[in-house]
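Let me begin by presenting the structure, written as C-alpha cells, before commenting on it.
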Amino acid sequence: MAQDRTPAQWQALDAAHLLHPFSNTRQLAERGTRLITRAEGVYLYEADGRQLLDGMSGLWCVALGYGRRELSEAAAKQMNELPYYNSFFQCTTTPAIELAAELAKVTPPQFSRVFFTGSGSESVDTAMRLVRRYWQLEGQPQRNIIIGRTNGYHGSSIAGASLGGMAFMHEQGLLPQPGIAHIGQPYAFERAGTLSDADFGLAAARELETRILQLGPERVAAFIGEPVQGAGGVIIPPDSYWPEIQRICDRYGILLVSDEVICGFGRTGQWFGCQHYGTRPDLMTIAKALSSGYLPIGGVMVGDRVAATLIDKGDDFAHGYTYSGHPVCCAVALENLRILQREHVVDHVREVAAPYLQARWAELAQHPLVGQARGVGLLGALELVRSKQPRQWFEPRGKVGERCRDNAIANGLVMRATADTMIIAPPLVITTAQIDELIAKAWRTLDQTHEQLRSGIF
Ligand SMILES: *Cc1c(COP(=O)(O)O)cnc(C)c1O
C-alpha cells in the first residue's frame with residue numbers, strides 16, 4: 012500500500028478534494044471511502060490488507076481480472092515508443108490500425124470499421140452523431156428521433172444521459188435533449204403481470220412499433236438498447252424480445268444501435284450480446300472490457316449500411332476526440348483481445364463459468380428474501396422482496412438493497428445494489444472454485460440481511 016499516509020489520512024484528503032461519481036459527497040465524507048490499494052486476479056485488497064472478491068469486475072470492465080502483466084507491459088512498451096499521437100489531419104498510428112483490424116475480425120460480419128473514443132459515454136455520443144449524419148446524407152434530415160428505454164443506461168454525458176432512461180439523471184440536467192423518446196423496459200419481474208415471459212417480451216418490443224407510429228415512421232432515426240440492461244439492474248429480456256425489435260426496425264427502416272459497453276467481449280458467453288440474442292445491429296458501442304478497464308478506451312463499430320453512406324455520400328464527418336485511437340490505449344486493448352482469443356476466454360464463459368454460475372445462482376432463489384434469481388452469461392441479479400407470495404416489495408425501495416450491499420462487503424464480496432436488486436458481473440476468468448466462494452458469501456450476506464430485518468435493526 013501507499014506508505015506515506017495512513018488510510019484515515021487518505022480518506023480525509025479524499026473528503027476534502029474529490030467529488031465522486033454518482034455519490035452524495037456529504038454522506039460519503041461521513042461514512043468514509045474504501046481505499047483500494049492493489050488487486051490480483053478476481054481479488055481486491057483494501058489498505059488494511061482485507062481481501063474482497065470482486066463480483067462486479069470493477070465497473071463491469073475487468074474481464075481478464077487484475078494484475079495481467081501482458082497488459083501493463085504492452086502499455087509500457089507503447090509509452091516508450093510513441094506515447095501519443097492523434098488520428099486527425101491525415102495521420103495514423105500502428106496500434107490504432109492493428110486494433111481496428113482486429114475488431115473487424117471479432118465482431119459480426121457487417122462490421123469492418125470502427126470510430127475510436129475514450130469511453131462508453133463518448134461512444135454513445137458518437138453513435139448519436141453518426142445516426143443523425145447518416146439520415147442527413149440519405150436526404151432525410153427530418154428522421155432525427157432516437158428511441159431509447161426507461162431505465163436504460165447509456166453513460167453520463169448529455170447524449171448518454173438523454174438516451175438513457177434514468178429519471179433521476181434527467182431531473183438534474185434539463186434532460187432528455189430534444190429528438191429523443193423512450194419506451195418501457197423488458198423487465199418481466201416488475202411488468203409481466205399475468206403474461207407469460209414470451210408474451211411479455213413481444214408486448215414490450217411492440218411498444219417500439221406503437222411509439223414509431225405515434226411519432227411518424229418518417230421521423231424516427233434509430234433505436235438504441237443494451238442487449239441486457241446492466242446498470243438498470245441486470246434486466247434480462249425474454250428471448251422473444253430482441254427478434255421482435257429487429258423485425259420492427261427492419262419494417263420501418265430504422266437503424267438499430269446495440270450498446271455493447273457491458274455485453275461486449277464475452278459477458279454473455281458470445282463475443283457480443285447481439286449474437287446471443289440474434290440481432291443484426293447497424294452500430295455497436297463498445298468500451299469497458301475492450302481494454303479490461305486497464306486504460307480508458309471505447310469505440311463505435313460502424314456497420315456496412317452506415318459506413319457506405321458515410322463514405323460514399325459524405326465529405327468530412329465533423330466529429331472526433333483528442334484521444335480517438337490513443338496509441339497506448341489501443342496497444343493495451345489489442346493485447347487484451349489477443350489474450351481473450353489465446354486463452355479461449357469467451358469459450359470458458361460459455362462452456363464452463365456461465366453454466367456453473369447460473370446453476371449455483373439459481374439456488375439463491377430458495378432464500379426467503381429472494382423473489383427471483385436470474386442471470387445470463389456472467390451476469391446475475393437477485394430481487395429482494397418482503398414477501399414472495401403475494402409479491403411485496405420493501406418500502407421505501409432501496410434501503411434493504413443498500414444494507415445488503417454493505418453486508419456483502421463486510422463478508423468480503425463486492426456485489427452492487429440497484430434499488431433492491433442485487434447484481435453481479437464477475438471477471439470472465441473466474442474459476443468454479445471462486446464461483447463457489449461467491450455463492451457462499453452471497454448466502455451469508457442474505458442470511459445476515461434477513462436476520463437484521465427480523466430483529467428490526469433497520
Ligand atoms: C458504462 C456504460 C456506458 C458508459 O460508459 P463510460 O465509460 O462510463 O462513459 C454506456 N453504456 C453502457 C451500457 C454502460 O454500461
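Remember, this note's numbering sits 11 above the position in the sequence shown when you count from 1.
Glycine residues also receive a C-beta, built at the ideal position from the N, C-alpha and C atoms.
Please read all numbers here as calculations on a predicted model, not as lab measurements.
Tell me the DSSP bridge mates of residue i?
i	result
ALA233	ILE157, LEU266
VAL425	ASP65
LEU294	VAL268, VAL313
ILE1	In the structure as shown, the chain starts at 12 and stops at 469, and residue 1 therefore has no counterpart that could be examined.
TYR77	GLY52
GLN9	Limits of the chain in this structure are 12 at one end and 469 at the other, which puts residue 9 out of reach.
Hey, quick one: how far does the alpha helix (DSSP H) through residue i stretch, first residue to last?
i	result
ASP25	18-28
GLY391	Per DSSP, GLY391 belongs to no alpha helix (DSSP H); it is in the beta strand (DSSP E), 390-395.
CYS341	338-353
PHE211	208-226
SER134	131-148
TRP282	Taken as a continuous stretch (DSSP letters only), TRP282 belongs to no alpha helix (DSSP H), as it is neither H nor E.
THR105	105-117
PHE200	199-202
MET180	178-182
GLU374	365-374
GLY171	169-174
If I measure Cβ to Cβ from residue i and keep anything under 7 Å in the same chain, skipping five residues before and after, which residues do I get?
i	result
SER68	ALA74, ALA436, PRO437, PRO438
LEU30	THR36
PRO331	Here the sequence assigns Gly to residue 331, which means Pro is not the residue at that position. Result list for GLY331: PHE99, in chain order.
ARG316	ASP293
GLU51	TYR77, GLY78
Which of the three DSSP states, helix, strand or coil, is assigned to residue i?
i	result
GLU57	strand
ILE273	coil
GLU51	strand
TYR95	coil
ALA384	strand
HIS193	strand
MET90	helix
MET433	strand
GLN188	coil
GLN400	coil
MET12	Here the model assigns MET12 a pLDDT of 48, short of 50, so the residue's position is not dependable, and the following value carries that caveat. Correct three-state label for MET12: coil.
ILE246	strand
ASP327	coil
ILE256	helix
ASN162	coil
ASN35	coil
HIS10	The structure shown does not extend to residue 10, since the chain is modelled only from 12 to 469, so the question has no answer here.
LEU480	As shown, the chain starts at 12 and ends at 469. That puts residue 480 outside it, with no answer to give.
TYR288	helix
Keeping to the same chain, check which residues put their C-beta closer than 6 Å to that of residue i; ignore five residues upstream and five downstream.
i	result
MET12	Note that MET12 has pLDDT 48, beneath the 50 cutoff, so the model's placement of it is unreliable and no number is given.
VAL411	LEU395, PHE405, ASP431
TYR198	ILE246
ALA26	ALA40
GLU255	LEU213, ALA216
GLN496	Lying outside 12 to 469, the shown extent of the chain, residue 496 is not represented and no answer is given.
GLY280	VAL360, ARG361, ALA365, GLY388
PRO228	TYR263
For the beta strand (DSSP E) that residue i lies in, which residues bound it at each end?
i	result
ARG124	122-128
Exposed or buried, residue i, counting other C-beta atoms within 10 Å across all chains shown (16 or more means buried)?
i	result
GLN403	exposed
MET312	buried
GLN445	buried
MET295	buried
SER466	exposed
GLN132	In the sequence under discussion, the amino acid at residue 132 is Ser, which differs from the Gln named in the question. Result: buried.
MET426	buried
ALA373	exposed
SER269	buried
CYS260	buried
GLY171	buried
ARG385	buried
HIS28	exposed
GLY66	buried
GLU218	buried
Leaving aside the five residues before and after residue i along the sequence, list all residues of the same chain whose C-beta is less than 8 Å from its C-beta, in chain order.
i	result
LEU174	VAL135, MET139, ILE157, GLY159, GLY163, HIS165, PRO187, ILE191, ILE235
THR460	LEU380, LEU395, VAL411, ARG414, CYS415, ASN418
GLN352	VAL117
ALA209	PRO249, ASP250, SER251
SER123	ALA115, ASP315, ALA318
SER168	SER132, GLU133, VAL135, ASP136
Closer than 5 Å: residues whose CB approaches a heavy atom of ligand 3: Ligand 3 is absent from the structure shown, which contains only ligand 1.
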